[in-house]
Every structure is written in C-alpha cells, then in structure tokens.
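Structure first, commentary second.
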Amino acid sequence: MSRFVLLIVALATIAPLFTSLPWIARLALAGLIAAVGLVRAAHGRSPVLNQLDWAFDGLWTVRERSGRTYPAELVASRVVGTSVFLHFRWNGRAGHVALLPDNTDADHLRVLRARLPAAR
Numbered sequence: 530m531s532r533f534v535l536l537i538v539a540l541a542t543i544a545p546l547f548t549s550l551p552w553i554a555r556l557a558l559a560g561l562i563a564a565v566g567l568v569r570a571a572h573g574r575s576p577v578l579n580q581l582d583w584a585f586d587g588l589w590t591v592r593e594r595s596g597r598t599y600p601a602e603l604v605a606s607r608v609v610g611t612s613v614f615l616h617f618r619w620n621g622r623a624g625h626v627a628l629l630p631d632n633t634d635a636d637h638l639r640v641l642r643a644r645l646p647a648a649r
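Put into structure tokens, the structure is as follows:
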C-alpha cells in the first residue's frame, strides 16, 4: 500500500478518539474504521481485470484475476490526449480501465482511438 493511503487510514482511525463519545465507543469506532480502511485499501490495489479483448465484430471480453472469461459491455469511453479510459460491465460487475501511453503499445492505442467513435 502506498504511504499516502496508509496516512489517510491512520488519520481516519484516530479521528473518533477526539470526540465526546464514551471511551469504549471511541475505541470500537476507531477499530472498525481501521479494519474497513485497510481492507478497502488492500482491495483497491488488486485489479479486477486481468485481460481485455475487443474482437473485430465489436464484442468485448474480459478475463478476471480468477481466470474466468465473460462477455462485457462498454458503458462509457473517453479519449484524453493519447490516453483512453474505458468503463465496462460484465456478469453483474463493473470496472474501469486506463490505457496510457506508458502501459499500452502505441499502435494498439492508435487503433483503439480510431475504432471507438465508430463503435458508439
């Protein structure tokens, strides 16, 4: 976890200690905030999607960390400069993908930026 996220969780954890609640309630609330904050921070660091495919017929498929593959629906897309941001839904779940020039092949990004407006 990044130090910034840990700092935010720590500050949120100690905040109830400065309230006028009874000490037992302060400690219980601080413990609950710490537990939820650490679980959420750890969950946010592991990506939901492992692989993303777009077939020539326009169908998207996603592969989750577990290895299961599902058909997906592109809900929204945004092109900002040379970056592409995608929002998907599949199997009752949703996820975001940020395709940036430093983590995606330049030719793939160029083709994706050209194909996205035609797919809408």
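Position one of the sequence shown corresponds to residue 530 (my numbering), numbered consecutively onward.
For each residue, glycine too, the CB sits at the ideal point set by N, CA and C.
Using a threshold of 8 angstroms, state whether the C-beta atoms of residue i and residue j are closer than that.
i: Leu615; j: Leu603; result: yes
i: Val591; j: Ala601; result: yes
i: Pro545; j: Arg555; result: yes
i: Val538; j: Ala563; result: yes
i: Asn632; j: Tyr599; result: no
i: Arg597; j: Val577; result: no
If you drop the 5 nearest sequence neighbours on each side, which residues of the same chain put their C-beta closer than 6 angstroms to that of residue i?
i: Ala627; result: Phe614
i: Thr542; result: Ala559, Ile562 and Ala563
i: Asp582; result: Thr590
Spatial neighbours of residue i within its chain, please: CB distance less than 7 angstroms, with the 5 preceding and 5 following residues excluded, ordered by chain position.
i: Pro646; result: none
i: Thr611; result: Pro630 and Leu638
i: Arg642; result: Val608 and Val613
Does residue i pass the burial test, meaning 16 or more other C-beta atoms within 10 Å, or should it be called exposed?
i: Phe617; result: buried
i: Thr548; result: exposed
Is it a yes or a no for the segment 580-589 touching the segment 558-568, going by three-plus beta-carbon pairs under 8 angstroms?
no
Taking the runs of the beta strand (DSSP E) that are 3 residues or longer, which of them lie wholly in the segment 554-590?
578-583
Give, in chain order, every unbroken run of the beta strand (DSSP E) that is at least 3 residues long and sits entirely within the segment 606-630.
612-619 and 622-628
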